[in-house]
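2 protein chains.
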Amino acid sequence: MTNIKDLAKMAGVSVTTVSRVLNEHPYVSEKKRMAVLEAIKATNYHKNINAVHLSKGNTLLMGVVLPFTGHPYFASLLKGIARIALEHDYKLVLFQTDYLESRELDALLMLKEKQIDSLIICSRACSLATIEEHLHYGSIVLCENIKREQISTTFVNHYSVFFEALEYLYQKGHQKIGYCIGRRSGSSSKKREQAYKDFLVKYDLHFRPEYIMDNCLYVEDAEKIIKELKTMEVPPTALLVTNDQIAAGVVTCCHNEGIAIPDELAIIGFDNQPIAKMMNITTIDIPHEQMGENLFLQAVGEEISHTEVKVKLIERGTV
Amino acid sequence: MTNIKDLAKMAGVSVTTVSRVLNEHPYVSEKKRMAVLEAIKATNYHKNINAVHLSKGNTLLMGVVLPFTGHPYFASLLKGIARIALEHDYKLVLFQTDYLESRELDALLMLKEKQIDSLIICSRACSLATIEEHLHYGSIVLCENIKREQISTTFVNHYSVFFEALEYLYQKGHQKIGYCIGRRSGSSSKKREQAYKDFLVKYDLHFRPEYIMDNCLYVEDAEKIIKELKTMEVPPTALLVTNDQIAAGVVTCCHNEGIAIPDELAIIGFDNQPIAKMMNITTIDIPHEQMGENLFLQAVGEEISHTEVKVKLIERGTV
DNA sequence: TTGTAAGCGTTATCAA
DNA sequence: TTGATAACGCTTACAA
Numbered sequence: 117m118t119n120i121k122d123l124a125k126m127a128g129v130s131v132t133t134v135s136r137v138l139n140e141h142p143y144v145s146e147k148k149r150m151a152v153l154e155a156i157k158a159t160n161y162h163k164n165i166n167a168v169h170l171s172k173g174n175t176l177l178m179g180v181v182l183p184f185t186g187h188p189y190f191a192s193l194l195k196g197i198a199r200i201a202l203e204h205d206y207k208l209v210l211f212q213t214d215y216l217e218s219r220e221l222d223a224l225l226m227l228k229e230k231q232i233d234s235l236i237i238c239s240r241a242c243s244l245a246t247i248e249e250h251l252h253y254g255s256i257v258l259c260e261n262i263k264r265e266q267i268s269t270t271f272v273n274h275y276s277v278f279f280e281a282l283e284y285l286y287q288k289g290h291q292k293i294g295y296c297i298g299r300r301s302g303s304s305s306k307k308r309e310q311a312y313k314d315f316l317v318k319y320d321l322h323f324r325p326e327y328i329m330d331n332c333l334y335v336e337d338a339e340k341i342i343k344e345l346k347t348m349e350v351p352p353t354a355l356l357v358t359n360d361q362i363a364a365g366v367v368t369c370c371h372n373e374g375i376a377i378p379d380e381l382a383i384i385g386f387d388n389q390p391i392a393k394m395m396n397i398t399t400i401d402i403p404h405e406q407m408g409e410n411l412f413l414q415a416v417g418e419e420i421s422h423t424e425v426k427v428k429l430i431e432r433g434t435v
Numbered sequence: 117m118t119n120i121k122d123l124a125k126m127a128g129v130s131v132t133t134v135s136r137v138l139n140e141h142p143y144v145s146e147k148k149r150m151a152v153l154e155a156i157k158a159t160n161y162h163k164n165i166n167a168v169h170l171s172k173g174n175t176l177l178m179g180v181v182l183p184f185t186g187h188p189y190f191a192s193l194l195k196g197i198a199r200i201a202l203e204h205d206y207k208l209v210l211f212q213t214d215y216l217e218s219r220e221l222d223a224l225l226m227l228k229e230k231q232i233d234s235l236i237i238c239s240r241a242c243s244l245a246t247i248e249e250h251l252h253y254g255s256i257v258l259c260e261n262i263k264r265e266q267i268s269t270t271f272v273n274h275y276s277v278f279f280e281a282l283e284y285l286y287q288k289g290h291q292k293i294g295y296c297i298g299r300r301s302g303s304s305s306k307k308r309e310q311a312y313k314d315f316l317v318k319y320d321l322h323f324r325p326e327y328i329m330d331n332c333l334y335v336e337d338a339e340k341i342i343k344e345l346k347t348m349e350v351p352p353t354a355l356l357v358t359n360d361q362i363a364a365g366v367v368t369c370c371h372n373e374g375i376a377i378p379d380e381l382a383i384i385g386f387d388n389q390p391i392a393k394m395m396n397i398t399t400i401d402i403p404h405e406q407m408g409e410n411l412f413l414q415a416v417g418e419e420i421s422h423t424e425v426k427v428k429l430i431e432r433g434t435v
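If you read the sequences in order, they're chains A and B. Here the working numbering is used: the first residue of the first sequence is 117, the next is one more, and so on. Here the working numbering is used: the first residue of the second sequence is 117, the next is one more, and so on.
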C-alpha cells in the first residue's frame with residue numbers, strides 16, 4: 117500500500133507538499149503539484165483515512181441509535197437524517213438497539229473512543245444521567261420532549277397533540293376512547309398517558325385501564341387489539357392508534373370482523389403515511405423526515421436548541 | 117484527554133506494559149497490572165480507537181449499501197445483518213443510495229480508504245467491473261444471482277421463483293397475467309422478465325408489453341397500477357406484485373374500486389410480510405433476515421461462496 | 001513556495 | 001517479565 121512518503125519520494129518533494137496537494141492547500145508550484153498528481157495516478161494511491169482521523173481527531177461519522185429500522189416512524193427519521201448527512205459529507209453508523217440499553221451504551225462507547233463524532237438518539241433506553249456523562253466526548257441530540265441545558269432536542273409535543281386528538285373525538289361525540297402505544301415506558305407514551313388522564317378529568321369521564329393497550333409495534337398487533345376489544349364489556353367507540361401501519365391493520369381487522377368504521381369504531385392514526393391516505397384513515401401528520409434533518413443539524417451545530425415540530429390533523433373517513 | 121503515555125507515567129511503567137494490560141496480554145506482574153488499572157480508574161481513561169485502527173489496519177466497521185431503509189425488503193435484510201453484526205462486534209455504516217451510483221462509489225471509496233473492512237451491497241447500481249476493481253481493498257458481497265469467482269453472493273433465484281408463480285397461476289386458469297416490479301433495470305427484474313417471456317413462449321401466450329408495470333416501489337404506487345389496469349382493453353386476470361406492501365395496496369384499491377379478488381383479479385405478493393397474512397394475500401415467502409445473516413458471514417469469512425436461498429409459495433385467498 | 005520534524009495514540013518487535 | 005523504540009500514515013507548526 118503506497119503512502120504519502122512514497123509519493124514524496126517519487127515526486128521528488130516533501131511529504132508536506134504531497135499533503136498540500138492532497139488537501140488542496142495553497143503554496144504549491146504548478147510543477148510540483150503536477151509531479152505529485154502523476155505519482156498519485158501512477159500508484160493508484162489513496163489516503164488511509166484512519167491516519168487522517170487520528171491526526172485530526174474527528175471522523176465525520178455520525179451515530180444513529182434507533183430500536184429498529186423497519187418501523188415506518190424510524191425509517192422516515194433515518195431517511196431525513198441520511199439525506200442531510202450526505203450533504204454534509206457525514207456517514208451514518210447505525211445502532212439498532214431493539215430497545216436494549218446495552219446497545220445504546222455501545223454507541224456511547226464509540227463516542228467516547230472517538231470513532232463517531234456525535235450521536236443522534238432517536239429513542240432512548242438509558243438514563244439521562246448516562247447521556248450527560250458522555251456529553252463531554254461529543255454532541256448528543258435527542259428526539260424527545262426534554263429540556264436540558266446541554267442537550268439539543270427535536271420533538272413532537274405528544275401531550276398537546278394527544279390532547280387535541282382526544283378533544284376532536286369528544287367533539288365528534290365519543291366519550292369512550294381507547295388508545296394503543298408502542299411501549300408504555302417510552303417517554304412519549306408517558307406524555308400521552310398524562311394527556312389521556314387529564315382529558316378524562318376535564319370531561320369527568322371514567323378511567324378504564326383496559327382502554328390503554330401497549331406493545332403495539334407491528335401491523336400484526338392489530339389483530340391483538342381487536343381481539344382485546346371484543347372481550348371488553350364496554351368497548352371503546354374510538355381508538356387512537358400508535359401509527360398508520362397499525363391503524364391500517366386495525367381497519368382491515370374490523371373489516372374482517374364486520375365492525376363498521378367509523379360507526380362502531382372510530383380510528384385516528386399517527387404519521388400520515390401513504391397507507392393512511394389510501395385507506396382513507398384520519399391521521400395526524402408528523403414531519404418525520406424534517407425532524408431527522410433537524411436532529412442532524414443540531415448534532416453538527418454548536419449551540420444547544422430545542423425544536424418543537426408542528427403537526428396537524430388530517431380529517432378523513434375513519435372518524 | 118489522557119493517553120497511554122500518561123498512564124505509563126502515572127503507573128510508573130512503560131507504555132508497552134499499559135498496552136498489555138489494556139489488551140489482556142500475558143506477561144505482566146500483578147503488581148504492575150494493578151498500578152495500571154488504578155491509573156485507568158483515576159483518569160477515566162479510554163482508548164482512542166482511531167489510533168488502534170491506524171495501528172492494526174482494520175476498523176470492525178461493515179458498510180451496508182441499500183437504496184432505502186423504509187422498504188420492507190431492505191429493512192428485513194438490514195435487520196438480519198444487524199443482528200449477526202452485533203454478535204461479531206461489528207458496527208454497520210449505512211449507505212442509503214436511492215439507487216444513485218455515486219453513493220455506492222462513496223461506499224467503495226471508504227473501503228479503499230480503509231474506514232470500513234468490508235461491504236455488503238444489497239442492491240447494486242454500479243458495474244461489476246467497478247466492484248471487482250475494489251475487491252483488492254476488502255471483501256465485498258452481493259445480494260444477487262451472479263457467480264463470479266471473487267465475489268460471494270446470497271440470492272433468490274428470481275427466475276425460477278417467478279416461473280413457478282406463473283405456472284401456479286396458469287394452473288389456476290389464468291392466461292392473462294401481468295406483473296409489477298420496482299425498477300426494470302435491476303438484475304432481479306431482468307431475471308423475472310426472462311422468466312415471464314419464457315413462460316409465455318412455453319404456453320404460447322400473447323406478449324402484451326403493458327402487462328409489465330415498473331417503478332412500483334411504494335404502497336401508493338398501487339393506485340397507479342389499478343388506474344393503468346382500468347385503461348387496458350384486455351386487462352390481466354392475475355397480477356404478480358413486487359412485494360406484499362404494494363399487494364396490500366392493490367387489494368385495498370380493488371376494494372375501493374369494486375374489483376373482486378380473486379374473481380376479477382388474482383394477486384400474488386412477495387416476501388410473506390405480516391400484512392399479507394392479515395389481508396389473506398397469497399404470497400411467496402422469502403427469508404430476508406436469514407439472507408442478511410448469510411451476507412454478513414460471507415463478508416467476514418475467508419472463502420467465496422454462492423448461497424441460493426429457498427423460498428416457498430404461501431397459498432391464501434387472493435388467487 | 002518548500003521542507004523538516006514533531007505530533008496524533010496505539011500496537012508490535014526485539015533486546016534485555 | 002519488562003521496556004525502548006520503531007512502525008502505522010497523516011497533519012501542521014515552524015523555519016527557511
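Glycine included, C-beta positions come from ideal geometry on N, C-alpha and C. Values in this document were obtained by computation on a predicted structure and should not be read as measured data.
Anticipated Cβ contact below 8 angstroms, residue i with residue j, distance rounded
i: A451 (chain B); j: G179 (chain B); result: Since the first residue of chain B shown is 117 and the last is 435, residue 451 (chain B) is not available in this structure.
i: I200 (chain B); j: F386 (chain B); result: Contact doesn't hold; Cβ gap of about 23 angstroms is too wide.
i: L227 (chain A); j: K207 (chain A); result: Contact flag wrong, Cβ pair sits at about 15 angstroms.
i: I400 (chain A); j: A223 (chain A); result: About 30 angstroms separates the two Cβ atoms, so there is no contact after all.
i: A415 (chain B); j: V257 (chain B); result: 5 angstroms
i: C242 (chain A); j: E217 (chain A); result: 5 angstroms
i: Q266 (chain A); j: I420 (chain A); result: 6 angstroms
i: L202 (chain B); j: G408 (chain B); result: Between G408 (chain B) and L202 (chain B) the Cβ distance is about 12 angstroms, and since that is not below 8 angstroms, they are no contact.
i: Y437 (chain B); j: L429 (chain B); result: Any property of residue 437 (chain B) remains undetermined from this structure, which presents chain B solely from 117 to 435.
i: T368 (chain A); j: M395 (chain B); result: 6 angstroms
i: I341 (chain A); j: E373 (chain A); result: That pair is no contact at about 11 angstroms.
Status (buried if at least 16 other CB within 10 Å, exposed otherwise) for residue i
i: F323 (chain A); result: exposed
i: Y143 (chain B); result: exposed
i: S301 (chain B); result: exposed
i: P325 (chain A); result: exposed
i: T185 (chain B); result: buried
i: G196 (chain A); result: buried
i: H187 (chain B); result: buried
i: G298 (chain A); result: buried
i: S255 (chain B); result: buried
i: S305 (chain A); result: buried
i: N139 (chain A); result: exposed
Residues bridged to residue i [DSSP beta-bridge criterion]
i: K207 (chain B); result: B:L177
i: I400 (chain B); result: B:F386, B:L429
i: Q212 (chain B); result: B:L182
i: C296 (chain B); result: B:M329
i: R264 (chain A); result: A:I267
i: S234 (chain A); result: A:M178, A:S255
i: A354 (chain A); result: A:I293, A:A382
i: V272 (chain A); result: A:V425
Cutoff 8 angstroms; reference residue i; Cβ partners in own chain excluding five residues on either side
i: S303 (chain B); result: R240, E260, N261, I262
i: Y319 (chain A); result: Y286, Q291
i: N310 (chain A); result: It should be noted that the sequence gives Gln, not Asn, for residue 310 (chain A). Once the five neighbours on either side are set aside, the close Cβ partners of Q310 (chain A) are Y275.
i: F211 (chain A); result: G179, V180, V181, L182, R219, E220, D222, A223
Same chain, Cβ closer than 6 angstroms to residue i, five either side skipped, listed in chain order
i: V168 (chain A); result: none
i: G365 (chain A); result: V335, A338
i: R136 (chain B); result: V144
i: Y295 (chain B); result: L356
i: A392 (chain A); result: D360, G385, T399
i: I236 (chain A); result: V180, V257, L411, A415
i: A354 (chain A); result: L285, H290, I293, A382
Sequence-distant residues of its chain with Cβ nearer than 7 angstroms to residue i (five each side left out)
i: T118 (chain A); result: T159, Y161
i: V277 (chain B); result: I400, V427
i: H204 (chain B); result: V416
Q | Near-chain A residues of the region 308-335 of chain B - C-beta to any C-beta below 8 angstroms | A | Y334, V335
Taking beta-carbon pairs under 9 angstroms, can you tell me which members of the region 390-411 of chain A lie near chain B? The region 390-411 of chain A vs chain B, Cβ under 9 angstroms: P390, I391, K393, M394, M395, N396.
Exercise for the section: Anything in the region 138-168 of chain B with a Cβ closer than 7 angstroms to a Cβ of chain A? List those residues in chain order, please. Expected result: H162, K163, N164, I165, N166, A167
Select from the region 199-214 of chain A all residues with a C-beta closer than 7 angstroms to any C-beta belonging to chain B, and list them in chain order. K207, L208, V209, L210, Q212
(message) For the region 338-363 of chain A, list every residue whose C-beta sits within 9 angstroms of some C-beta in chain B, in sequence order.
(response) A338, E339, Q361
Against chain A, which members of the region 232-262 of chain B pass a CB distance test of less than 8 angstroms? none
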